[in-house]
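Colleague:
2 protein chains.
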Amino acid sequence: MPPTPSSELTARQREVLGFVRDHQRYHGHPPTTREIQAHFGFASQTAAVDHLRALARKGALHHHAGKARGHLPALAAALRTSLLEIPLYGTIPAGLPTAAEQEPDRYVSVDAASLGVSARARLFALRVRGDSMTGAHILDGDTVFLTPRDPRPGAIVAALIDGESTLKRFLVQRGRPFLRAENPRYPDLLPATELIIQGVMVGLLRQQPAA
Amino acid sequence: MPPTPSSELTARQREVLGFVRDHQRYHGHPPTTREIQAHFGFASQTAAVDHLRALARKGALHHHAGKARGHLPALAAALRTSLLEIPLYGTIPAGLPTAAEQEPDRYVSVDAASLGVSARARLFALRVRGDSMTGAHILDGDTVFLTPRDPRPGAIVAALIDGESTLKRFLVQRGRPFLRAENPRYPDLLPATELIIQGVMVGLLRQQPAA
DNA sequence: TGGCATACTGTTCAAATGAACAGTTATTGA
DNA sequence: TCAATAACTGTTCATTTGAACAGTATGCCA
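Protein sequence lines, in the order shown, are assigned to chains Y and D. Take the first sequence: its position 97, counted from the start at 1, is 98 in the working numbering, and no numbers get skipped. Take the second sequence: its position 204, counted from the start at 1, is 205 in the working numbering, and no numbers get skipped.
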């Protein structure tokens with residue numbers, strides 16, 4: 002069941018579908034039949050209606066009869082439940098996960114399916130600094146996604162130490178939790194007082210530097 | 002300039018804004034004034050209109066006068082130019098970047114800013130198999146994002162070899178291009194006939210396996 | 001105390017929009 | 001060669017929807 006059965010569509014229908022998608026993307030809502038008509042220079046609005054009908058019949062669009070702008074791209078419909086806007090906190094996310102007061106630097110948009118999390122997952126993102134986790138293939142500059150929950154041993158977590166958050170592997174030895182960097186040049190961190198786990202890593206996004 | 006000046010909004014206005022956003026997210030288009038009215042149980046449609054007017058005045062919404070569903074969340078308006086829907090091709094993307102005929106497995110949604118690419122960038126995604134690029138911190142199961150363009154030496158590229166695409170580092174020695182795995186267990190690849198570069202890697206997305 | 005913003009009710013009107021009906025022309029497959 | 005489909009033109013109508021007008025009540029500020 003492909004999301005867009007474009008192979009079954011005619012060339013003209015693909016054009017119309019493309020316009021509907023682009024309009025949806027750019028304007029935030031689908032076009033009206035008359036906007037489609039104007040874009041393609043149809044003398045009749047019915048030409049647009051015919052195309053929409055064909056596209057809906059072939060499953061490329063979802064149609065809400067009688068409603069204004071009722072033709073939605075099937076792709077957008079599939080996405081609509083799953084797009085996450087993940088707040089990216091900067092370099093000083095003190096007391097982050099509970100205190101929602103902290104203003105995020107900006108938001109990262111990723112769909113839930115691609116991250117393998119629920120559409121209702123509450124994630125936050127941190128920018129990685131330093132090379133302490135290169136052994137786990139997490140690099141300086143990477144954006145890591147985390148969810149606030151209790152970690153299992155072996156999970157990579159963001160933890161609050163001395164008012165600053167660091168990304169480390171969470172381990173337990175003889176009942177005592179500690180943090181380990183994935184880089185032999187860094188020592189293990191034994192919690193002096195208490196260990197505040199902000200979140201468990203669920204994924205990462207990297208910008209590949211230009212060669 | 003925060004994307005949503007929610008601090009200036011009243012509690013009720015935040016509620017209405019939240020409904021507009023949720024509706025936009027879930028349905029793919031903004032609600033009508035009457036849908037807002039119904040949701041909040043207003044006896045009058047004007048109550049919704051008043052709220053929209055206030056929200057538009059405070060910059061939380063963009064308003065397109067006279068048009069159906071003309072009230073768009075300002076945040077969505079900011080996002081609308083930047084969300085990329087990147088087709089993810091499976092394990093056999095033969096002849097991919099030019100032939101748009103190939104059906105993508107599905108789409109990955111990421112905003113352009115987080116990937117550091119233009120909003121008009123045409124990207125595609127591939128799933129990484131194998132451990133040949135672990136030296137570049139690219140793991141089995143990672144999703145890599147690529148753009149079709151000529152590579153500079155040192156770039157990581159998807160190249161077509163024997164009808165199958167592989168991810169390797171593109172290098173040039175004495176005027177001759179070749180591909181190198183980032184794993185000492187793999188040999189360099191010298192192109193027997195010709196080297197078809199499908200795309201240059203611009204980023205990656207990883208699902209962190211549960212510990 | 002007056003003025004202003006918020007948060008509404010109730011009603012009416014006009015524009016935006018979807019949808020139907022009746023055709024035409026060309027292409028394709030049985 | 002008939003039937004079906006695609007891709008349109010031209011017209012009309014009904015519904016959806018935005019928008020305006022005239023109010024009411026409350027709280028806040030100066």
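The beta-carbon is built from N, C-alpha and C at its ideal position, and this holds for glycine as well.
(1) Taking a Cβ distance cut-off of 8 Å, strictly less, list which residues of the stretch 10–43 of chain D are near chain Y, in chain order.
(2) Apply the 10 Å Cβ neighbour rule to D:E9 and answer buried if 16 or more other Cβ atoms are within range, or exposed otherwise.
(3) From this set, D:L62, D:F179, D:G142, D:T33, which residue's C-alpha is nearest D:R70's C-alpha?
(4) If you check the beta carbons only, do D:L84 and D:D112 fall under 7 Å apart?
(5) Would you say Y:Q199 faces chain D, with C-beta separation under 7 Å as the test?
(6) What three-state label does DSSP hand D:H232 in the structure shown?
(7) Between the C-alpha atoms of D:S166 and D:H138, what's the straight-line distance to the nearest angstrom?
(8) For chain D, check one thing: does any of its Cβ atoms lie closer than 7 Å to the Cβ of Y:R207?
(9) Just list the residues that DSSP pairs Y:F125 with in beta bridges.
(10) Got a sec: is the Cβ-Cβ distance from Y:S45 to anything in chain D below 7 Å?
(11) Any C-beta of chain D sitting closer than 7 Å to the C-beta of Y:M202?
(12) Determine the extent of the beta strand (DSSP E) in which Y:L73 is found, giving its start and end residues.
(13) Which ranges would you report for the beta strand (DSSP E) in the stretch 128–212 of chain D if only whole runs of at least 3 residues count?
(14) Under the DSSP definition of a beta bridge, which residues are partnered with D:I87?
(15) So for D:F43, helix, strand or coil by DSSP?
(16) Check this for me: beta carbons of D:L127 and D:Y90, under 7 Å apart or not?
(17) Step through the CB atoms of chain Y and report whether any lies within less than 7 Å of the CB of D:G67.
(18) Listing by chain order, which chain D residues have their CB less than 7 Å from the CB of Y:R70?
(19) Closer than 9 Å by beta-carbon distance: list the chain D residues that pair up with Y:V109, in chain order.
Modeller: Taking the definition as stated:
(1) Q25, R26, Y27, H28, G29, H30, P31, T33
(2) Walking along the second sequence from the start, residue 9 of chain D turns up at place 8. Exposed, because fewer than 16 other Cβ atoms sit within 10 Å of the Cβ of D:E9.
(3) For the purposes of this step, residue 70 of chain D is identified with residue 69 of the second sequence, where counting begins at 1. Among D:L62, D:F179, D:G142, D:T33, the Cα nearest to that of D:R70 belongs to D:T33.
(4) Counting from 1 along the second sequence, the entry for residue 84 of chain D is found at position 83. Counting from 1 along the second sequence, the entry for residue 112 of chain D is found at position 111. Contact: yes.
(5) As a first step, residue 199 of chain Y must be located in the first sequence, where it is residue number 198. No, because no Cβ of chain D sits closer than 7 Å to the Cβ of Y:Q199.
(6) Outside the modelled stretch of chain D, which goes from 2 to 212, sits residue 232 of chain D, for which no answer is possible.
(7) Looking up residue 166 of chain D in the second sequence gives position 165. Looking up residue 138 of chain D in the second sequence gives position 137. If you take the alpha carbons of D:S166 and D:H138, they lie about 19 Å apart.
(8) On the first sequence, residue 207 of chain Y is found 206 positions in, with the first residue counted as 1. With 7 Å as the cut-off, Y:R207 counts as an interface residue toward chain D.
(9) On the first sequence, residue 125 of chain Y is found 124 positions in, with the first residue counted as 1. Partner(s): Y:L147.
(10) What you label residue 45 of chain Y is simply residue 44 of the first sequence in a count that begins at 1. No, Y:S45 lies away from the interface with chain D (no Cβ there is under 7 Å from its Cβ).
(11) Indexing the first sequence from 1 puts residue 202 of chain Y at position 201. Output row for Y:M202: interface = yes.
(12) Along the first sequence, one-based indexing puts residue 73 of chain Y at 72. 72–74 is the extent of the beta strand (DSSP E) around Y:L73.
(13) 144–148, 157–162, 165–174, 177–181, 197–208
(14) Translated into positions along the second sequence, residue 87 of chain D becomes position 86. Bridge partners of D:I87: D:V109.
(15) Counting from 1 along the second sequence, the entry for residue 43 of chain D is found at position 42. In the structure shown, D:F43 sits in coil (DSSP, three-state: anything other than H, G, I, E or B).
(16) On the second sequence, residue 127 of chain D is found 126 positions in, with the first residue counted as 1. On the second sequence, residue 90 of chain D is found 89 positions in, with the first residue counted as 1. Yes. Within cutoff.
(17) Translated into positions along the second sequence, residue 67 of chain D becomes position 66. Taking Cβ atoms only, chain Y never reaches closer than 7 Å to D:G67, which makes this a no.
(18) The count along the first sequence starts at 1 and reaches residue 70 of chain Y at position 69. What Y:R70 touches in chain D: H30, A69, R70.
(19) If you number the first sequence from 1, residue 109 of chain Y lands on position 108. Per Cβ cutoff of 9 Å: V111, D112, A114, S115.
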